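Visitor:
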Amino acid sequence: MLPSIRRLLRQPHRLKGLKVISHSFSIVTALDVLTAVSAPSLRSLVLHDTAMEYGGTSKWLPDDVLGEGTPELCHVDIDGWGFSWTWQRFANLTSLNLKIPWYIKYDTSFFQAMERMTTLIHLDLSVPSIAGRHEEVYSEPGQIGLPLLRTFRTKSSTKRGVGLLTPLCIPSTAQLHVTVCDFENDKISSNAMALSRAVGKPRLAPLSPSHPLLSYYKRLSIPIPPMGDSNLSPRRLRISPVKNRTGRRLTLLRITMWSVDHLDCEVVGLEEPPEETCLLDMEVRHGQTQPFLGPFLESYPLEHLREVILDCKMDKGDFGILGGLPSLETVRLTAKNAKPWFRYIVDDPALLSAGREASMEIDSDRPALAHFPSLVFVSFEAADFGLGRYAPANPDDTMDVEQLLDFLTLRHRLGGQIRTVQFTNCVNLFEADVEKMKGIGVQVVWDGHSVARDFSSSGDEESDEEYEEDSEDSSDSDY
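Reading the sequence shown from the start, the letters are residues 42 to 520 in the numbering used here.
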């Protein structure tokens, strides 16, 4: 077999494509016939070493293979072979796939090679994670331009991935697929912040108004296995999908955190969104989602975000980034985050200052609203408004209707009226409460269910009484 391969390779001028997939070390000898020759018609070169998957001896691609030139070469795919970054065939490619062996170093020669690849359209780099390996210091961010790049995929450890990404200036229209594997017991929060610095807005070319955020990042994947307890399944945090309702600007960011096992997704009716609509796709251990939210949201240009749907456990401090967005008009909340959101929004300095005013007249020099200043629509789903009616076991998850009324009144006085409040499947909320909100000029969308529940008992007792409304509008009433 080997002699036949050598005979074929002795006619490099006839080659248009060369694909070698082998575990045999003798293939290196066969490639010797391509030393210091030209292949004027060669367009594609694929070299895969399957022996490396099973711990075999590594193969090395000589620097002078095809050394006399390959003017038509546009696609190179190397998996498991060693090589030098100075190999001249890397220049002028349009497509490059590299599954890089662990022993390949990243020094200045790597960046010099990238600087020669200005014609790249597709780039795929897979870098192994080697515990204890020294991580080099890399060049300044954004120094290497890839102006024609449409697709960039990389898989690496966080530290090495940051080193690969930081110097690159990737067009805002490129699809970015990043998979980062945790190793060396890196802290998840530091991983998130490091990656957000590497692929965040400062590292990319400016976002054109004609390209919504959906084309800014297509998919960002961070698989992180369970730690400490091998019986724990990976948990899923999903931020999806990004919808561009205006055609030019991002107007909806849907954030959903899943804390169910992957195998349970079908049971609870969760659907996998299409890949092209997925902004972030991270697998995280249950209970460790909190460090991700802030660092990643800081990486995205959300100036024109108008609506946010939150279905995740959040603390008061997690609303800081969203609360300062100038165009955010709609917030949809669930029982997991309604009370923390309320605690954040009422802590607005303007509200605190106005609340101390004895007169109904507010000084014109008052501070402007700082927390959700453009908010006009709030939706509550399955929230508990029983605080003040009973002593809840967990006040941090329970809201007070009277406090909500005071807040809505004060926002109206300050010129930041929340025009519409929607309640769906909420408990301890009654028609009298809805009428009070209507009385202060708020439009209320209420499903009409009046359910009284007392969770104050520490035992098994729970009172649960549902009052049927006689109103014709008891279902989806719009007051």
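Cβ coordinates follow ideal geometry from the N, Cα and C atoms, glycine included. Note that this is a predicted model, so its numbers are computed, not measured.
For the putative contact between F426 and R460, defined by C-beta atoms under 8 Å, what is the C-beta separation to the nearest angstrom?
Guide: At roughly 20 Å, the Cβ-Cβ gap does not stay under 8 Å, so F426 and R460 are not in contact.
Visitor: How is the beta strand (DSSP E) around G58 delimited, first residue to last?
Guide: Element bounds for G58: G58 to S63.
Visitor: Smallest Cα separation from R347: which of V168, C467, E370 and I362?
Guide: Of V168, C467, E370 and I362, the residue nearest in Cα terms is E370.
Visitor: Could you check where the beta strand (DSSP E) with S85 kicks off and where it finishes?
Guide: S85 to D90
Visitor: Compute the Euclidean distance between the alpha carbons of N466 and L393, then round it to the nearest angstrom.
Guide: 31 Å
Visitor: Leaving out five residues before and five after S79 in sequence, what residues of the same chain have Cβ atoms less than 6 Å from its Cβ?
Guide: Only E109 and G110 meet the Cβ criterion.
Visitor: Roughly how far, in whole angstroms, is the beta-carbon of S167 from the beta-carbon of K196, given that I think they are within contact range, below 8 Å?
Guide: 5 Å
Visitor: Identify, in the order they occur along the chain, each residue of the same chain with its Cβ nearer than 6 Å to the Cβ of N133, setting aside the five sequence neighbours on each side.
Guide: Closer than 6 Å at the Cβ level, and outside the excluded window around N133, lie T160.
Visitor: By alpha-carbon positions, which one of H490, G364, L114 and F383 ends up nearest to V442?
Guide: F383
Visitor: According to DSSP, is R128 part of a helix, a strand, or is it coil?
Guide: Note that residue 128 corresponds to Trp in the displayed sequence, not to Arg. W128 falls in the coil class under three-state DSSP.
Visitor: From the DSSP output, in three-state form, read off I26 for me.
Guide: Residue 26 lies beyond the range of the chain shown here (42 to 520); nothing can be said about it.
Visitor: Indicate the three-state DSSP secondary structure (helix, strand or coil) for A493 in the structure shown.
Guide: strand
Visitor: Would you kindly work out how many angstroms separate the C-alpha atoms of I68 and V117, rounded to a whole number?
Guide: Those two C-alpha atoms are separated by around 18 Å.
Visitor: What residues in its chain sit with their C-beta under 6 Å from that of R157, if we drop five residues either side in the sequence?
Guide: A132
Visitor: Tell me the DSSP secondary structure of F418 in three-state form.
Guide: strand
Visitor: By a C-beta neighbour count over all protein chains shown, 10 Å radius and 16 as the cutoff for buried, is S150 buried or exposed?
Guide: exposed
Visitor: Could you give the first and the last residue of the continuous beta strand (DSSP E) run that contains D165?
Guide: H163 to S167
Visitor: Measuring straight from C-alpha to C-alpha, what distance separates L49 and L72?
Guide: 11 Å
Visitor: Hey, quick one: how far does the alpha helix (DSSP H) through L445 stretch, first residue to last?
Guide: V442 to R454
Visitor: Terminal residues of the continuous alpha helix (DSSP H) containing R384?
Guide: A379 to I386
Visitor: Look up H116 in the DSSP assignment and give the residues it is bridged to.
Guide: S85 and S136.
Visitor: Could you tell me the distance, in whole angstroms, from the CA atom of P408 to the CA atom of P414?
Guide: 12 Å
Visitor: Rounded to whole angstroms, what's the CA-CA distance from E476 to L374? Just pull it up for me.
Guide: 22 Å
Visitor: Would you please state the rounded distance, in angstroms, between the beta carbons of D120 and D165? I believe it to be under 8 Å.
Guide: D165 and D120 do not touch by the CB rule: their CB atoms are close to 10 Å apart, not below 8 Å.
Visitor: Cα separation between V74 and R47?
Guide: Taking the straight line from one Cα to the other gives about 7 Å.
Visitor: Determine the burial state of Q521: buried for a count of at least 16 other Cβ atoms within 10 Å of its Cβ, exposed for fewer.
Guide: Residue 521 lies beyond the residue range present for the chain, which begins at 42 and ends at 520; the question has no answer from this structure.
Visitor: Is DSSP giving S79 helix, strand or coil here?
Guide: strand
Visitor: Just how far apart, CA to CA, sit T127 and L139?
Guide: Answer to the nearest angstrom: the Cα atoms are 15 Å apart.
Visitor: Have a look at P282 and L102 and give me their C-alpha separation to the nearest angstrom.
Guide: Only weak support exists for where P282 lies, its pLDDT of 33 falling under 50; the value from the coordinates is given anyway. Rounded to the nearest angstrom, the two C-alpha atoms are 43 Å apart.
Visitor: Could you tell me the boundaries of the beta strand (DSSP E) in which Q463 lies?
Guide: T461 to T465
Visitor: CA-CA distance, H412 and K377?
Guide: 20 Å
Visitor: Please go through the same chain and pick out, in chain order, the residues whose beta-carbon is closer than 6 Å to the beta-carbon of D474, but skip the five residues on each side of it.
Guide: V442
Visitor: Between P367, L363, A395 and G456, which has its C-alpha nearest Y385's C-alpha?
Guide: L363
Visitor: Between which two residues does the beta strand (DSSP E) containing T371 stretch?
Guide: For T371, the enclosing beta strand (DSSP E) starts and ends at T371 to T375.
Visitor: Specify, as a first and last residue, the run of the alpha helix (DSSP H) that I141 falls within.
Guide: I141 -> no alpha helix (DSSP H), and no H or E assigned at all.
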